[in-house]
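Just so we're aligned: the sequence shown equals residues 0 to 387 in numbering that gives the first Met the number 0. Notes follow the structure.
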Amino acid sequence: MTKNLFSVPIFFIAFRETLEAAIIVSVLLSLAEQIVYEDPGRFSQEPTVVSTTDESKAESPEEDLAVAADEEVQRRRLIRKLRIQIFAGAGIGLFIALAVGAAFIAVWFTQAANLWANTEELWEGIFDVIASLMIFVMGVSMLKMDRAKAKWRLKLQKAFDGRTKGDKDGKAGKWVLLILPLITVVREGLEAVIFIGGVSLGQPATSIPIAAIVGLACGLIVGFLIYQFGSRTTLSIFLIAMTNLLLLIGAGLFSRGIWAFQENVFNNLLGADVDDAGGDGPGSFQVQGNIWHLDCCNPENNFDNSGWSIFNAIFGWTNSATLGSILSYVFYWIAVIVTLIIMKYQEGRTTLFGHESSLGRARRIRREKSASQSHPIDASSGSSTDEK
Numbered sequence: 000m001t002k003n004l005f006s007v008p009i010f011f012i013a014f015r016e017t018l019e020a021a022i023i024v025s026v027l028l029s030l031a032e033q034i035v036y037e038d039p040g041r042f043s044q045e046p047t048v049v050s051t052t053d054e055s056k057a058e059s060p061e062e063d064l065a066v067a068a069d070e071e072v073q074r075r076r077l078i079r080k081l082r083i084q085i086f087a088g089a090g091i092g093l094f095i096a097l098a099v100g101a102a103f104i105a106v107w108f109t110q111a112a113n114l115w116a117n118t119e120e121l122w123e124g125i126f127d128v129i130a131s132l133m134i135f136v137m138g139v140s141m142l143k144m145d146r147a148k149a150k151w152r153l154k155l156q157k158a159f160d161g162r163t164k165g166d167k168d169g170k171a172g173k174w175v176l177l178i179l180p181l182i183t184v185v186r187e188g189l190e191a192v193i194f195i196g197g198v199s200l201g202q203p204a205t206s207i208p209i210a211a212i213v214g215l216a217c218g219l220i221v222g223f224l225i226y227q228f229g230s231r232t233t234l235s236i237f238l239i240a241m242t243n244l245l246l247l248i249g250a251g252l253f254s255r256g257i258w259a260f261q262e263n264v265f266n267n268l269l270g271a272d273v274d275d276a277g278g279d280g281p282g283s284f285q286v287q288g289n290i291w292h293l294d295c296c297n298p299e300n301n302f303d304n305s306g307w308s309i310f311n312a313i314f315g316w317t318n319s320a321t322l323g324s325i326l327s328y329v330f331y332w333i334a335v336i337v338t339l340i341i342m343k344y345q346e347g348r349t350t351l352f353g354h355e356s357s358l359g360r361a362r363r364i365r366r367e368k369s370a371s372q373s374h375p376i377d378a379s380s381g382s383s384t385d386e387k
């Protein structure tokens, strides 16, 4: 009953995409404040009054305080306007993404509801494998999300500083805070729709809404906490933990998909669905190729699963493990390990059998150059000692 109302993979997909969009919006908010305090004239169209040296000397301290207070009020008003632009863009993008996603899922489940009625296990296996591969890509890319702040900060600074000379009113710099969050949220939302659509194909339609809404809410809450209190170190630790959990779900889905293929073969052999017979004893599983079978802890038992359906949804647990399901779980994690090692090698943070990548060579040269520049006194003192 639980897995029919709440899909754990869909929750984490919605959470991940919402978190990425929230991080980008938080970068926009912090950068807007930074730019306003450093260069308020970049957004404001009001001419800046520059007083001469004599006039500034003639002003009293009270007038200086009044001018400073007035400038602070103007900055706050400007920041409030920019925040409204950012949230308006994000809100419009969220509305578009939700509308497209709801239409896509509604059309699919109304037009293709009976697509796999006769071969349910086969279709479930196909969609579980596809979902596990999607989660594999998402989980690996999630490790790079902590660098999104630096990347988007550079993009925004280029957008503000790279305005065309003919843009006298500075509209490119003003409206970028509306357009960027709109495009970003739409892109993340459509990406979430694709992932959720792929994962939900093997699950009941009732498991989508609650999981998607809770994932959206949790992503917004965590994004707000990161904006208020989080540093890059805290964000990195959080993303590593979330990636591990996401990959655990992906490995479970991959293993469950292979198990569903084997279950489909056994169903064709019997001429009936094993689940229709009920029970966990002999005849409910294929002995050939079976590694273990427990007469309890069956997540498919609708009357007495004792919460094992939750473990089945999260980690792919089943009370009847086959050689294929176990090996697929192991191979999934081997693929994760190999992919992470290759990524680390390409980024220049490790070597493979003594070989360096081009980025690794550049990093090493920069470290050696900075080390030689930071110790020039030691080198000169060493040479003078040798001369003595």
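Glycine residues also receive a C-beta, built at the ideal position from the N, C-alpha and C atoms. All values derive from a computational prediction rather than experimental measurement.
Out of curiosity, what's the CA-to-CA distance linking residue i and residue j?
i	j	result
A98	V7	22 Å
A20	V184	6 Å
E70	E32	14 Å
N318	L27	49 Å
Q429	K80	Residue 429 lies beyond the stretch modelled for the chain, which goes from 0 to 387, so this question has no answer here.
F14	L358	32 Å
V335	T242	11 Å
T163	A216	Annotation note: pLDDT 41 at T163 (below 50); position unreliable, no value reported.
G288	V264	12 Å
I425	L142	What the structure shows of the chain is the stretch from 0 to 387, and residue 425 is not part of that stretch, so it cannot be assessed.
A96	L244	26 Å
E16	E190	8 Å
N311	Q261	17 Å
T338	S254	19 Å
S206	I236	30 Å
A370	R76	46 Å
L176	L322	54 Å
S373	I22	35 Å
L246	M137	9 Å
A240	A68	45 Å
I212	L238	21 Å
A320	L132	21 Å
F42	Y331	Its pLDDT being 49, under 50, F42 is placed unreliably in this model, and the coordinates cannot settle the point.
P298	G315	10 Å
V106	A210	19 Å
L224	G214	15 Å
C296	F5	20 Å
G218	W307	26 Å
Which residues in the same chain have their Cβ closer than 8 Å to the Cβ of residue i, if we skip the five residues on either side of it in sequence?
i	result
I340	T349 and L351
V192	A96, V99, G100, F103 and I104
G222	T17, L18, A20, A21, I22, V24 and S25
L415	The requested residue 415 does not occur in the structure, where the chain is confined to residues 0 to 387.
V329	none
Excluding the 5 residues flanking residue i on each side, which residues of the same chain have their C-beta closer than 6 Å to its C-beta?
i	result
G256	G124, D127 and V128
Y226	S25
G347	S356, L358, G359 and R362
F135	G249
I195	I9 and I12
Y344	L351 and S356
Per DSSP, residue i forms a beta bridge with which residues?
i	result
L351	H354
S319	H292
Leaving out five residues on either side along the sequence, give the residues of the same chain with a beta carbon under 7 Å from the beta carbon of residue i.
i	result
I333	none
I91	L181
A87	L177
I83	none
Could you tell me if residue i is buried or exposed, where buried requires 16 or more neighbouring beta carbons within 10 angstroms of its beta carbon?
i	result
P203	exposed
E54	Its pLDDT being 46, under 50, E54 is placed unreliably in this model, and the coordinates cannot settle the point.
N267	exposed
G353	exposed
L18	buried
W291	exposed
E187	buried
S324	buried
S327	buried
L179	buried
L93	buried
At a cut-off of 8 Å, is residue i close to the ligand ATP when judged by its beta-carbon and the heavy atoms of the ligand?
i	result
W316	Because no ligand of any kind appears in the structure shown, any question about the ligand ATP cannot be addressed here.
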